[in-house]
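One structure is given here, and the rest of the page talks about it.
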Amino acid sequence: MRYFIQFSYFGKAYHGWQNQPNAITVQEVLEKALSTLLRQEVSVVGAGRTDTGVHAKEMFAHFDFDEIGDREELVYRLNAFLPEDISVQQIYVMKPEAHARFDAVERTYEYWLVQEKNPFYFDFAHYAKHSLDLEAMNQAASLLLGHKDFECFSKSNSDVKTFLCDVKEAAWEKKDDKWVFTITADRFLRNMVRAIVGTLLDVGMGKINPEDINTILESKDRGEAGVSVPAKGLYLTKVLYPKELFDEQK
1 MRYFIQFSYF GKAYHGWQNQ PNAITVQEVL EKALSTLLRQ EVSVVGAGRT DTGVHAKEMF
61 AHFDFDEIGD REELVYRLNA FLPEDISVQQ IYVMKPEAHA RFDAVERTYE YWLVQEKNPF
121 YFDFAHYAKH SLDLEAMNQA ASLLLGHKDF ECFSKSNSDV KTFLCDVKEA AWEKKDDKWV
181 FTITADRFLR NMVRAIVGTL LDVGMGKINP EDINTILESK DRGEAGVSVP AKGLYLTKVL
241 YPKELFDEQK
């Protein structure tokens, strides 16, 4: 049977999601926990790949196994077994063809920014001391929705077949003592959100004009965009799937 596991993690201790030969990753830790508790080697396929230090408030992965009698009990046991920086919320029974990566129709990220030094945000948000023009940053962010090719914001030498992404939301909002950039798209390129945020900060500091976003996008040149902001401020917050993939009978 095919299962989706919904979980979250704080990424500071990990070299991203995907398994690597000589570095600890979230995938490795989750697979080890499932394999130990289910007493059989279990491989999981994630909804996407997060880079070193990036966090996930909501992440999904699929795995195949025989019928699990008490899924709530397995969730409880997994949370007791896993380290404190990874937690499991639920395990769903899925239709056999469901795929955690390819069937995701939307993904949402947040980037957290603080304007004052705050020890409680040291590992959670990026500290930017320069004054920023929020209106200009939102004007520039809105221009992202009019484009499809995001090669200029992709990690150099990325091995992808296409740089096309359908961005449906991109905006900054002041939330209490932090600034939050929210962006939603059908897919994201490696390093894309952090590069976009770095470029929008250039707009906020007056280094470039909001309209320059169009020129940067049309250049398809990573060198034309701003620097990537630190990973610690980036959170995967939502992954959306078609409802019909969930087997509601089980």
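The numbers in UniProt numbering rise by one with no breaks, and the one at position 216 of the sequence shown is 216. Ideal Cβ positions, reconstructed from N, Cα and C, are used throughout, including at glycine. Since this is a predicted model, take the numbers as computed values, not measurements.
Assuming residue i contacts residue j under a Cβ cut-off of 8 Å, what Cβ separation, rounded to an integer in Å, is found between them?
| i | j | result |
| --- | --- | --- |
| THR237 | GLU110 | 5 Å |
| ILE86 | VAL29 | 6 Å |
| PHE63 | VAL75 | Rounded, the Cβ-Cβ distance is 14 Å, inconsistent with contact. |
| ARG187 | CYS152 | Their Cβ separation, rounded to whole angstroms, is 16 Å, which puts ARG187 and CYS152 out of contact at 8 Å. |
| PHE181 | VAL197 | 6 Å |
| ASP177 | VAL114 | 7 Å |
| GLU58 | VAL229 | Incorrect: roughly 21 Å between the Cβ atoms, too far for contact. |
| HIS55 | LEU217 | That belief does not hold up - the Cβ atoms of HIS55 and LEU217 are roughly 27 Å apart, past 8 Å. |
Using three-state DSSP, classify residue i as helix, strand or coil.
| i | result |
| --- | --- |
| ILE91 | strand |
| ARG194 | helix |
| LYS168 | strand |
| GLY46 | strand |
| GLU224 | helix |
| THR237 | strand |
Suppose you measure from the CA of residue i to the CA of residue j; what does that come to, to the nearest Å?
| i | j | result |
| --- | --- | --- |
| THR52 | GLU244 | 33 Å |
| ALA185 | MET192 | 11 Å |
| PHE124 | ASP202 | 21 Å |
| ALA171 | ALA140 | 9 Å |
| MET137 | ALA33 | 43 Å |
| ALA98 | ASN22 | 31 Å |
| ALA225 | TYR9 | 29 Å |
Taking residue i as part of the alpha helix (DSSP H), name the residues at either end of that continuous run.
| i | result |
| --- | --- |
| ASP64 | Unbroken run through ASP64 is the beta strand (DSSP E), 55-64; no alpha helix (DSSP H). |
| ILE213 | 212-219 |
| PHE188 | Careful: PHE188 lies outside any alpha helix (DSSP H) and carries neither H nor E. |
Below 9 Å between beta carbons: does that hold for residue i and residue j?
| i | j | result |
| --- | --- | --- |
| PHE65 | GLN27 | no |
| THR108 | GLU169 | yes |
| ALA100 | PHE60 | yes |
| GLY204 | LEU143 | no |
At what residues does the beta strand (DSSP E) containing residue i begin and finish?
| i | result |
| --- | --- |
| THR184 | 178-185 |
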